[in-house]
Amino acid sequence: MKNLFSNVWFRCITALLLIACVAGGLLAILNDVLYVSPAERTARAVKKIYGVEKVIEDQDIILDVDSEDSSKNTAIEYDGVGKITKIFKVDGENGDFDLLFQSTGYEGYKGGTITVWVLVSYNSGANPSIEKVILESYEKQTLMSKLGGDFYSKFELTDVTTAYQEGKHFAPTDGDNVILNPITGATKSANAGCNAVNCILKYVGEN
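Per my numbering: the sequence shown = residues 251 to 457.
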């Protein structure tokens, strides 16, 4: 037994086990301390968009995949394009009311996705228009630094109804019925970003 404790392999394995236990404990603690709930992430996004905190009441939630209400927690899928995961009705800043969307675009780099928040303003006597687009998150996209504020700002002030009725869609490369939003060096990622906004064109146009 004495030889076992003095064996270099035993000591190495023991040290590694201790390190693993300590690291695992620290990760568990940090996971609890740094955890951000879906509600908190939504609140932060809303504040980033409007510049002030806004309370989203239950009656203002049209869709929320994180909701406990089964009638409101199913994402709206658009085959090959993306999905809408949240829709909130908010008192308008630039019109009568706004619809705030969280949307995920498909077909990015290596089949990855980009998720954005899109603010659409509804004003009496005018077609709904995109007022703001901000990045929420992404998967597998290594060139996201290429998609800066200029990329997202090019979606703004788009007349959503007219674009839908004319069969147009956003894309980073030119083509039939394309509203061009070109980007250099990150075309695949830009494609996912455009698709996220294209989901909004489809939803607003169909509703």
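Each residue gets a CB set at the ideal place from its N, CA and C atoms; glycine is no exception.
Around the beta carbon of D348, 16 or more other beta carbons sit within 10 angstroms, so the residue counts as buried.
By the neighbour-count criterion, in which a residue is buried when 16 or more other Cβ atoms sit within 10 angstroms of its Cβ, N427 is exposed. The alpha-carbon separation between I311 and G355 amounts to approximately 21 Å. For Y328, the pairing in a beta bridge is given by DSSP as G332.
No residue range can be given for A436, since it is assigned to no beta strand (DSSP E) and is classified by DSSP as neither H nor E.
By the criterion of a C-beta distance shorter than 7 Å, T363 is surrounded in its chain by T354, G355, Y356, Y388, E389, A442, once the five residues flanking it on both sides are discounted. Under the 10 Å beta carbon count, L350 is surrounded by 16 or more other beta carbons and is classified as buried. By alpha-carbon distance to S439, the top candidate from Y300, V302, L268, T365 is T365. Contact between the segment 404 to 411 and the segment 326 to 337 is not established, with fewer than three Cβ pairs separated by less than 8 Å. The three-state secondary structure of V454, taken from DSSP, is helix. Setting aside the 5 residues that flank it on each side, E327 is surrounded in the same chain by K333, each with a C-beta closer than 7 Å to its C-beta; the list follows chain order. Runs of the alpha helix (DSSP H) lying entirely within the segment 349 to 437 and spanning at least 4 residues, in chain order: 399 to 403, 410 to 415.
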